């Protein structure tokens, strides 16, 4: 395909960074674009696997301490997320439950997105789960006076990963 047709399909604005990086060589620009797509696919696979591992680890830990229906019960009346500080968590859980044809805890876990699981490390959600979630990282480094490997640290690291994930998804 000629570069002009490629740039028209992908838009010149999108292709300009590749053209600039390739020293205005249109063939190299298209190659760079394709290489970026391949790299994005590989990285997206890794992040997707991490997302599944993270949510499963959180679910396993919470199931042990809070019971198999910890999400549904937590979003119900008097549940751990039934307060104004966790109202969005409660809403996300109930919205996900309503999307399911029939309730199943494991389908509910899969229905909740990466952003939801990231927010389990936000202050209020972390506190609501009795501060057990750092246990999903048994090999995390030991905190120092300078650097605390706490829920806030995990939350911020997951935010960076979420930003990368979203940038790739909206490539």
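Numbering (the working numbering), first residue to last: 94 to 264. Idealized CB from N, CA, C, for every residue including glycine. What you are looking at is a predicted structure, and each value in this text was computed from that prediction instead of being measured.
For the alpha helix (DSSP H) that contains residue i, what are its first and last residues?
i           : result
residue 102 : 96-103
residue 237 : It is not in any alpha helix (DSSP H) - residue 237 carries neither H nor E in the DSSP assignment.
residue 155 : 119-159
residue 257 : 244-262
residue 202 : 198-204
residue 217 : 216-221
residue 192 : 180-192
residue 177 : Neither: residue 177 is in no alpha helix (DSSP H) and is coded neither H nor E.
residue 165 : 163-168
Less than 7 Å between C-beta atoms, sequence neighbours within five positions excluded: which residues of the same chain meet that for residue i?
i           : result
residue 223 : 158
residue 226 : 151, 154, 213, 214, 219, 244
Using CA coordinates, which residue listed in the options is at the minimum distance from residue i?
i           : options            : result
residue 249 : 210, 120, 130      : 210
residue 123 : 107, 136, 133      : 107
residue 229 : 238, 139, 214, 237 : 214
residue 173 : 155, 199, 252      : 155
residue 254 : 127, 171, 208      : 208
residue 205 : 103, 105, 144      : 144
Spatial neighbours of residue i within its chain, please: CB distance less than 6 Å, with the 5 preceding and 5 following residues excluded, ordered by chain position.
i           : result
residue 121 : 115
residue 233 : 242
residue 212 : 218
residue 257 : none
residue 186 : 164, 168
Is any heavy atom in the ligand MG found nearer than 7 Å to the beta carbon of residue i?
i           : result
residue 166 : Only the bare structure without any ligand can be found here, which leaves the ligand MG out of the picture.
Using 10 angstroms around the beta-carbon of residue i, count the other beta-carbons present and answer buried if the total reaches 16, otherwise exposed.
i           : result
residue 132 : exposed
residue 139 : exposed
residue 152 : buried
residue 202 : buried
Which same chain residues end up closer than 8 Å to residue i when comparing Cβ atoms and leaving out the 5 residues on each side of it in sequence?
i           : result
residue 125 : 111, 114, 115
residue 192 : 204
The region 144-152 / the region 177-191 touching (three or more Cβ pairs under 8 Å): no
Given 8 Å, three or more beta-carbon pairs between the region 108-126 and the region 164-174: No, the region 108-126 does not touch the region 164-174.
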